[in-house]
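**Student:**
In this note's numbering, the protein residues as written are 2 to 118.
Written out as structure tokens, the structure reads:
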């Protein structure tokens, strides 16, 4: 496994944890607005009542047919989520970072930390 040169190439492929338990499929990438680096992936989960959960991309590696993330399936499934046609609300960003034990700091002018491309 290796780091992806372009993580967007893995959109649509399965996302798995270290035990290779499938979490869902990679739906989109959210970038850190301060660094322009990929920060979180949204993952489509659920058979009935599908939703998007968010997982940090730090420590992730790719294989030809999946993205392996550094967090276990339960932690990811318990993360803040949105409807598959929803938008990540700015008020949810701090909660999302806190869920994974990551520091959150909005931009100096109060700008959002995550942006979808």
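Just so you know, even glycine gets a beta-carbon here, dropped at the ideal spot from N, CA and C. The structure displayed is predicted, hence computed values, not measured ones.
Which residues does DSSP pair with residue 101 in a beta bridge?
**Tutor:** BP columns for residue 101 are empty, so no partner.
**Student:** Can you give the beta carbon distance from residue 113 to residue 94, rounded, assuming they're within the 8 Å contact cut?
**Tutor:** Sure, about 6 Å apart at Cβ, within 8 Å.
**Student:** For residue 85, which residues in the same chain have their Cβ closer than 8 Å to its Cβ, ignoring the five residues on either side in sequence?
**Tutor:** Result list for residue 85: 28, 45, 51, 52, 53, in chain order.
**Student:** Spatial neighbours of residue 32 within its chain, please: C-beta separation below 8 Å, excluding the five flanking residues on both sides.
**Tutor:** Hits under 8 Å: 38, 39, 40, 115, 116, 117, 118.
**Student:** Classify residue 97 as buried or exposed, calling it buried when 16 or more other Cβ atoms lie within 10 Å of its own Cβ.
**Tutor:** Residue 97 comes out buried.
**Student:** Please report the straight-line C-alpha distance between residue 10 and residue 82, rounded to a whole angstrom.
**Tutor:** Near 23 Å, if we compare the C-alpha coordinates of residue 82 and residue 10.
**Student:** Looking at C-alpha atoms only, which residue of 78, 99, 68 is the closest neighbour of residue 16?
**Tutor:** Nearest of 78, 99, 68 to residue 16, Cα basis: 68.
**Student:** Straight-line CA distance for residue 25 to residue 110?
**Tutor:** Cα to Cα, residue 25 sits roughly 35 Å from residue 110.
**Student:** Which stretch, first to last residue, makes up the alpha helix (DSSP H) that contains residue 23?
**Tutor:** That residue, residue 23, is in no alpha helix (DSSP H); its beta strand (DSSP E) goes 23-33.
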